[in-house]
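First comes the structure, then the notes that go with it.
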Amino acid sequence: MTQSNLKAWQIRADDYPVHGSAQERLRFALNYAILAPSTHNTQPWRFHLEDGSVELFAERRRALPVIDPDDRELVMACGAALCNLLIALHHYGWGTLVEQFPEGPESDLLARVSLAVPAHASCQEHRLFDCIPRRHACYLPFDEDPVGGEVLRDLARAASQEGARLVVVDDLARVDLIELVEQADRELEADPAYRKEFADWMRANSSRQGTGVPGYSRGLGNLFSWLAPAVERRFDLGKGHAEQDRELAWCSALVCVLASDEDTPLHWLMAGRALQNVLLTGVSYDLQASTLNPPLHRSELRTQLTQLLGLAGHPQAIVRMGRPPATVRRPPTPRLAASDVME
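This is the structure in structure tokens:
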């Protein structure tokens, strides 16, 4: 029997209320919005339904003040949810009018989506819609078969469609990037405040909570998943985390960096939309992904990453992609129900 906190992933496209009201259709589409990724699976979003529109708010109560003091990754997570919402609405034949930060960059209101006249979705949008329930963070080693040129072009296009850039890290630069990841892991784990925040979002495999990261996501058995939060709080595990991330970075067909022109809340929201567009495009080619973002949680290392890759803009996410072993399947991370994040 499926745990209640995993039921959100079993959404059935055929359950869409074709003859329902605009409110009912928007409410159904939010079931896809909530499947977006977020750091530590905090799901920092909240939705408010009006007649023919839905408002997306930042849920600051699920912020991560230690590793994300500016709420950059929080806003990106909301951008990913916005991406899912728009894809779902377009799939079901709706045109949309999107206002980003309609009340200014300091507001918790990040976006307002209004239904417009019916419109035909593109083949790409239909394809990405089918990928939404199939996407989840994968922390397994991937095969290292090269990603073809056509796939790389589609991934880059997915980022540029949302106003961001995807930069592929070549093997030589990957060596230096991995050193930055390892250094960041060690520095972060040396900070007790970081360890506490991380541990606060770790979950036992049997947990019924709708947020946080269960141990099975990282390959932990049931017993160790219970012990892991206490161990994380008490001990500096930087060396171990660094070794794990090194292996994951090398056992990847592709490592890339998502970058934006500016480093403002609007560009974070756009970067979140772009990241999700890239991840879903990857899934359409049977590529799964996870992030290697520790260097982005240390300002000086983020600057070094920018210099290492010669980026004209600002790095917003470090992504590894590839095909996981067909013999290993892990459940997705839990989700709050759409009704839990809806006003």
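Mapping of the sequence shown onto our numbering: residues 7 to 349, in sequence order. No residue lacks a Cβ here, since even glycine has one placed at the ideal position from N, Cα and C.
TODO: Just mark Met7 as buried or exposed, buried being the case when its beta carbon has 16 or more other beta carbons within 10 Å.
DONE: Any answer about Met7 is weak, because its pLDDT of 39 lies below 50 and its placement is not dependable; what the coordinates show is given next. Looking at its Cβ environment, which holds fewer than 16 other Cβ atoms inside 10 Å, Met7 is exposed.
- [ ] Determine, using beta-carbon pairs with one atom in the stretch 10-27 and one in the stretch 334-342, whether at least three such pairs fall under 8 angstroms.
- [x] yes
Task: Entirely enclosed beta strand (DSSP E) segments - the stretch 69-132, minimum 3 residues - done: As far as the stretch 69-132 is concerned, its whole beta strand (DSSP E) runs of at least 3 residues are 100-106, 115-124.
- [ ] Determine the closest residue to Ala277 out of Ala164, Glu112, Leu91, with distance taken between C-alpha atoms.
- [x] Ala164
Open item on the list: How far does the alpha helix (DSSP H) with Arg171 in it extend, from its first residue to its last?
Closed with: Where Arg171 is concerned, there is no enclosing alpha helix (DSSP H), although the beta strand (DSSP E) it sits in stretches over 171-174.
- [ ] Classify Glu195 as buried or exposed, calling it buried when 16 or more other Cβ atoms lie within 10 Å of its own Cβ.
- [x] buried
- [ ] May I ask you to report which of helix, strand or coil DSSP gives Met7?
- [x] The predicted position of Met7 is uncertain, since its pLDDT is 39 and thus under 50; no value can be drawn from it.
Open item on the list: Pull the bridge partners of Gly328 from the DSSP assignment, please.
Closed with: Gln294
- [ ] Specify, as a first and last residue, the run of the beta strand (DSSP E) that Ser59 falls within.
- [x] 59-64
Open item on the list: Within the continuous beta strand (DSSP E) that includes Val263, where are the two ends?
Closed with: 260-266
TODO: Keeping to the same chain, check which residues put their C-beta closer than 8 angstroms to that of Gly216; ignore five residues upstream and five downstream.
DONE: Asn11, Gln49, Pro340, Arg341, Leu342, Ala343, Asp346
Open item on the list: With distance defined between alpha-carbon atoms, name the residue in Asp206, Glu112, Val187 nearest to Val81.
Closed with: Glu112
Open item on the list: Suppose the cutoff is 7 angstroms on Cβ atoms and the five residues either side in sequence are ignored; what does the same chain contact list for Ala248 look like?
Closed with: For Ala248, where only same-chain residues beyond five positions count, the Cβ hits under 7 angstroms are Glu188, Asp191, Arg192.
- [ ] Would you mind sorting His25 into buried or exposed? The rule is 16 or more other CB atoms within 10 Å of its CB.
- [x] exposed
Open item on the list: Need the endpoints of the beta strand (DSSP E) that His54 sits in, please.
Closed with: 51-56
Task: Length-filtered (4 minimum) alpha helix (DSSP H) runs lying within the stretch 17-45 - done: 28-39
Task: Which of helix, strand or coil DSSP assigns to Pro220 - done: strand
Open item on the list: To the nearest angstrom, how far is the alpha carbon of Phe230 from that of Gly221?
Closed with: C-alpha separation (whole angstroms): 8 angstroms.
Open item on the list: For His247, report the span of its alpha helix (DSSP H) as first-last.
Closed with: 244-256
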